[in-house]
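This report concerns only the one structure given below.
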Amino acid sequence: GAVVSQHPSWVICKSGTSVKIECRSLDFQATTMFWYRQFPKQSLMLMATSNEGSKATYEQGVEKDKFLINHASLTLSTLTVTSAHPEDSSFYICSAPARLAPTYNEQFFGPGTRLTVL
Amino acid sequence: QQQVKQSPQSLIVQKGGISIINCAYENTAFDYFPWYQQFPGKGPALLIAIRPDVSEKKEGRFTISFNKSAKQFSLHIMDSQPGDSATYFCAASGGQLTFGSGTQLTVLP
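Line by line, the protein sequences give chains A and B.
For any residue, its number in my numbering is found by taking its place in the first sequence, counting from 1, and adding 71.
Position 42 of the second sequence, counting from 1, maps to 34 under my numbering, and the rest follow consecutively.
Here it is in structure tokens:
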């Protein structure tokens, strides 16, 4: 199956700093990528849809100025958590559809990034 | 509004038994129903998926049963093994994935 990687796999930062998480599709191109957040023992919640060459689409309640998304190429999307606070501590996961057509809904997930804000 | 309801929240099964997890959806526009398996600290991995034009799909020990009229679908894990112990999420998609709340499965040796 298609492979999606994330970097870093875990990160610890101080409150008020910014953290960048990378999501890469390794063997396929992805014009769209999705960013999810998962709190302990909870489900995945879609944060935003990253679109190559255009602005991201954010879900209701997600602060776009806090969670900056850049999809600069067909294989890379980045999520930057700005001015991170302890409540931003979570497991961040990206995914990418294996095919370009939006009706093909098969998604492949990255391994996730554990963010801990002290 | 939760569009995909999943039950049970947790499930304990003896080795060799059958694990059954159920999901119900509301949006009739959904046209793709995957199940994901997630181990602690890992991203979810696609287990099996079905589209609404079929009522059942089987892959090895995993079977999805789909009831379009009832807007329900379920995952059956036959001959459950301790290695199957994980959290399972159903999802539904009409473009974006909407996840169920998850089921923590424990298979006792």
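Positions of the beta carbon are idealized from the N, C-alpha and C atoms, including for glycine.
Just so it is clear, the structure is predicted and the values come from calculations on it, not from any experiment.
So that I know if they touch, is there some Cβ in chain B lying closer than 7 Å to that of residue i?
i, result
"A:Gly132", "no"
"A:Phe180", "yes"
"A:Ala172", "Low per-residue confidence applies at A:Ala172: pLDDT is 45, beneath 50, and the placement is therefore not dependable, though the value from the model is reported in the following sentence. So, not an interface residue."
"A:Leu115", "yes"
"A:Ile164", "yes"
"A:Gly124", "no"
"A:Gly183", "yes"
Put residue i into one of helix, strand or coil per three-state DSSP.
i, result
"A:Pro182", "coil"
"A:Glu177", "coil"
"A:Glu158", "helix"
"A:Glu134", "coil"
"A:Thr102", "coil"
"A:Pro168", "strand"
"B:Ile10", "coil"
"A:Leu145", "coil"
"A:Ser125", "coil"
"A:Thr151", "strand"
Is any beta-carbon of chain A found at less than 7 Å from that of residue i?
i, result
"B:Pro44", "no"
"B:Pro0", "no"
"B:Ser93", "yes"
"B:Lys34", "yes"
With DSSP as the reference, identify every bridge partner of residue i, one or two as the case may be.
i, result
"B:Phe91", "B:Ala83"
"A:Thr187", "A:Ile83"
"B:Lys(-3)", "B:Ala16"
"A:His33", "Coverage of chain A is limited to positions 72 through 189, which leaves residue 33 of chain A absent and any answer about it impossible."
"A:Thr88", "A:Thr88 pairs with nothing; no bridge assigned."
"B:Gln96", "B:Ser2 and B:Thr79"
"A:Ala119", "A:Trp106 and A:Tyr129"
(message) At 3 residues or longer, what runs of the beta strand (DSSP E) sit wholly inside the stretch 15 to 79 of chain B?
(response) Taking only runs of at least 3 residues, the beta strand (DSSP E) segments lying wholly in the stretch 15 to 79 of chain B are 25 to 30, 37 to 42, 48 to 51, 54 to 59 and 64 to 69.
(request) Tell me, please, whether the stretch 119 to 128 of chain A touches the stretch 89 to 96 of chain B by the rule of three or more beta-carbon pairs shorter than 8 Å. (result) Taking a contact to require three or more Cβ pairs closer than 8 Å, the stretch 119 to 128 of chain A and the stretch 89 to 96 of chain B do not qualify as touching.
(message) Any contact between the stretch 130 to 147 of chain A and the stretch -5 to 11 of chain B? By contact I mean 3 or more CB pairs, one from each, below 8 Å.
(response) Output reads no: the stretch -5 to 11 of chain B does not touch the stretch 130 to 147 of chain A.
(message) I'd like to know if the stretch 6 to 16 of chain B and the stretch 68 to 75 of chain B are in contact, where contact means that at least 3 CB-CB pairs between them fall below 8 Å.
(response) The stretch 68 to 75 of chain B and the stretch 6 to 16 of chain B touch, with three or more beta-carbon pairs separated by less than 8 Å.
(request) Inspect the CB distances between the stretch 155 to 172 of chain A and the stretch 13 to 27 of chain B and report whether three or more fall short of 8 Å. (result) Fewer than three beta-carbon pairs drawn from the stretch 155 to 172 of chain A and the stretch 13 to 27 of chain B are found closer than 8 Å, and the two stretches are therefore not classed as touching.
(request) Say whether the stretch 53 to 61 of chain B touches the stretch 179 to 189 of chain A, bearing in mind that this needs 3 or more beta-carbon pairs closer than 8 Å, one atom from each stretch. (result) Touching, no.
(request) Give a yes or no on contact between the stretch 72 to 83 of chain A and the stretch 110 to 124 of chain A, applying the rule of three or more CB pairs nearer than 8 Å. (result) These segments do not touch.
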